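Just so you know, numbering that gives the first Met the number 0 puts 77 at position 78 of the sequence shown, and the rest follows in order with no gaps.
Idealized CB from N, CA, C, for every residue including glycine.
None of these values were measured; they are calculated from a predicted model.
Below is one structure, written out as structure tokens, with a few remarks after it.
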Amino acid sequence: MPTNHVFVLNADKNFLSMVHPARARKLLSQNKASVFRTFPFVIILKKQIQIPHLKQYILKIDPGAVWTGFAIQCGFEIVFQMELKHRSNAIKSDLHLRSGFRRGRRSRNLRYRKKRFDRKKQLGWLAPSLRHRVQTTETWIKRFIKYCPISAIEIEQVRFDTQKIIQPEISGVEYQQGVLWGYEIREYLLDKWGRKCAYCDVENVPLEIEHIQAKSSCGSDRVSNLTLACHDCNQQKGNLDVADFLNQKYKFDLIAAKNRIDKILKQRTSPLSSAAAVNSTRFAIVDAAKRHNSNVLCWTGGRTKMNRCQQGFPKSHSIDAACIGESGSQIKFLTTQPLIVEAKGHGTRQSRRTNDKGFPAITVKTDKKTGEKTTSTVAPKRSYKHIQAGDIIKFELKKDSKTCSDKKKAIESTVKVKAGWYTARVKTPTPKGFEVKIGEHRVTVSSMVGVKFIYRNDGFSYSFL
Ligand SMILES: [Zn+2]
Numbered sequence: 000m001p002t003n004h005v006f007v008l009n010a011d012k013n014f015l016s017m018v019h020p021a022r023a024r025k026l027l028s029q030n031k032a033s034v035f036r037t038f039p040f041v042i043i044l045k046k047q048i049q050i051p052h053l054k055q056y057i058l059k060i061d062p063g064a065v066w067t068g069f070a071i072q073c074g075f076e077i078v079f080q081m082e083l084k085h086r087s088n089a090i091k092s093d094l095h096l097r098s099g100f101r102r103g104r105r106s107r108n109l110r111y112r113k114k115r116f117d118r119k120k121q122l123g124w125l126a127p128s129l130r131h132r133v134q135t136t137e138t139w140i141k142r143f144i145k146y147c148p149i150s151a152i153e154i155e156q157v158r159f160d161t162q163k164i165i166q167p168e169i170s171g172v173e174y175q176q177g178v179l180w181g182y183e184i185r186e187y188l189l190d191k192w193g194r195k196c197a198y199c200d201v202e203n204v205p206l207e208i209e210h211i212q213a214k215s216s217c218g219s220d221r222v223s224n225l226t227l228a229c230h231d232c233n234q235q236k237g238n239l240d241v242a243d244f245l246n247q248k249y250k251f252d253l254i255a256a257k258n259r260i261d262k263i264l265k266q267r268t269s270p271l272s273s274a275a276a277v278n279s280t281r282f283a284i285v286d287a288a289k290r291h292n293s294n295v296l297c298w299t300g301g302r303t304k305m306n307r308c309q310q311g312f313p314k315s316h317s318i319d320a321a322c323i324g325e326s327g328s329q330i331k332f333l334t335t336q337p338l339i340v341e342a343k344g345h346g347t348r349q350s351r352r353t354n355d356k357g358f359p360a361i362t363v364k365t366d367k368k369t370g371e372k373t374t375s376t377v378a379p380k381r382s383y384k385h386i387q388a389g390d391i392i393k394f395e396l397k398k399d400s401k402t403c404s405d406k407k408k409a410i411e412s413t414v415k416v417k418a419g420w421y422t423a424r425v426k427t428p429t430p431k432g433f434e435v436k437i438g439e440h441r442v443t444v445s446s447m448v449g450v451k452f453i454y455r456n457d458g459f460s461y462s463f464l
């Protein structure tokens, strides 16, 4: 499987052009370079070299709610792919938990406290979960800019261009009748009609663009005359009038038919609310990119989809990123193995654990010899020696291991982790040792002998598809 190209730094830590992984291997084995960083893979040359001109790269970003796709393009070749998973939902639930604790604490011993209504949000304020999405994306933009000569950043900013759809004359005849128009309009209609058939509400089937007033009865191609229907409804309706068709379709329930006719006729003329078309995060990401590179281009999702479909690529976040914009219309993939990065956060800073009521949780320990009981509210230490949760380490498992996180499973299955060298992410360090997850199994490591550091935790976990 062709893998991502490798970032190269000169001896003075300035970037050079990226190289093929085979070349990077050769440089490392000949002792001309050493590993600078593991994720993304960066090597640094041991001797300073002079290069007259560097290759120019384009960083492409497809921001999404859960996954953001990244691709680095050189000429028409995609040399690096990455998919970043955000943790917006985890942040939201953490904040809910905290606000619950605070609410309880404030009102517990107070008879009355005036509510603070006049808290105002500043202009451009984003909810913490959304701000996280912008900030993690910015972190990665900064990283790529540090290791690679990036001349431009291309971002998929909006799903469709509302202005061009409502007033097609502003962008000329080519746009109105070209293929791109079809893709933009489809994305627009999907949003406007809620991704379902307007006549029978069926979802998750291929939807066809449908003229509310049939073209054969002088219906126009204007957006206000278009909707989406499943194949069956589209065929059944043919050139019938919408009211006739629905009265016929719902002849046993005329009220439902009337409601549906009213809904369609009302919705066809109302433009999509600007709130749905404008996604605040996407603009914030563009602003973040502009802070690091003056050459930022924004494209629509309709164009991305057209580029991807015309070249017959499957759908994935990093492939979508690669297909962004005009330069995505004829690309060649030199890599098919994206780096999968998941935001894991930096854990909690809570030093005292609480129970579900927000009071300090007390753990009772009994000394086995004396039988003496000690209570503690202190959260367990989150490191062992200098190993923290989230570090990636390489270690040698001396004996076959049978331990498994699920005790029932351990009895049922005879599969065990065989002795040997493993690279894994540290799960939960305690003062006595730490756990790593190998496949489905949790293995406890309780000695630093034979443990090698690969990567210090930076709040992300890394894997390959
Ligand atoms: Zn239908």
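Counting only residues whose CB is nearer than 6 Å to a non-hydrogen atom of ligand 1, the list in chain order is C196, Y198, C199, V201, A228, C229, D231 and C232. For H440, the pairing in a beta bridge is given by DSSP as I437. By the Cβ neighbour-count rule, M0 is exposed, with fewer than 16 other Cβ atoms within 10 Å of its own. The DSSP assignment places complete beta strand (DSSP E) segments of no fewer than 3 residues inside the segment 236-302 at 295-299, in order along the chain. Per DSSP, T334 is not a residue of any alpha helix (DSSP H), being assigned neither H nor E.
It is roughly 46 Å from the alpha-carbon of W139 to the alpha-carbon of L264. For S16, same chain residues with a beta-carbon under 6 Å away, outside a window of 5 residues either side, are L53 and K54 in chain order. A89 sits in a helix when the DSSP states are folded into three classes. The continuous stretches of alpha helix (DSSP H) do not include W420, which lies in the beta strand (DSSP E) extending over residues G419 to R424.
Judged by DSSP secondary structure, D319 falls within the alpha helix (DSSP H) whose first and last residues are H316 to A321.
As the crow flies, the alpha-carbon of T335 is around 19 Å from that of K304.
For the set T299, R348, L122 and R102, the Cα lying nearest the Cα of K114 is the one of R102.
Annotated three-state conformation of I184 is helix, per DSSP.
Note: Y111 is not bridge-paired with any residue in the DSSP secondary-structure output. Nearest to N30 by C-alpha distance, out of L296, K12, L44 and R185, is L44.
Close CB contacts of E82 within its chain, under the 6 Å cut and outside five residues either way in sequence, are with W66, G68, H316, S317, P337 and I339 (chain order).
Put simply, of H210, A378 and L189 the residue whose alpha carbon is nearest the alpha carbon of E202 is L189. Listed as beta-bridge partners of L122 by DSSP are no residues whatsoever. With fewer than three CB-CB distances shorter than 8 Å, the segment 105-122 does not count as touching the segment 247-264. Rounded to whole angstroms, the separation of the alpha carbons of K451 and V295 is 41 Å. The distance from the Cβ of E153 to that of W298 is about 6 Å, consistent with a contact at the 8 Å cut-off.
Judged by DSSP secondary structure, A228 falls within the beta strand (DSSP E) whose first and last residues are L225 to C229. A contact between stretches requires three or more CB pairs, one per stretch, nearer than 8 Å, and the segment 422-430 meets this requirement with the segment 386-393. Distance from the CA atom of K195 to the CA atom of S328, rounded to whole angstroms, is 29 Å. Just measuring C-alpha positions, the residue of I184, K25, K436 and I48 sitting nearest L206 is I184. Comparing alpha-carbon positions, the option among S375, D355 and K356 lying closest to V363 turns out to be S375.
Exclusion of the five residues before and after H210 leaves G218, N224 and L225 as the residues of its chain whose Cβ lies within less than 7 Å of its Cβ. Taking the Cα positions, K119 is about 21 Å away from H131. When the beta-carbon positions are compared, K431 and Y461 stay at least 9 Å from each other.
With fewer than 16 neighbouring CB atoms inside 10 Å of its own CB, S106 falls in the exposed class. Beta-bridge partners of K364 (DSSP): T373. Bridge partners of D61 according to DSSP: G68. S128 is positioned such that its CB atom lies closer than 9 Å to that of S87.
Taken through DSSP and simplified to helix, strand or coil, T138 comes out as helix. Distance between K46 and N13, taken at the CA atoms: about 12 Å.
Going by C-alpha positions, T353 is about 4 Å away from P359.
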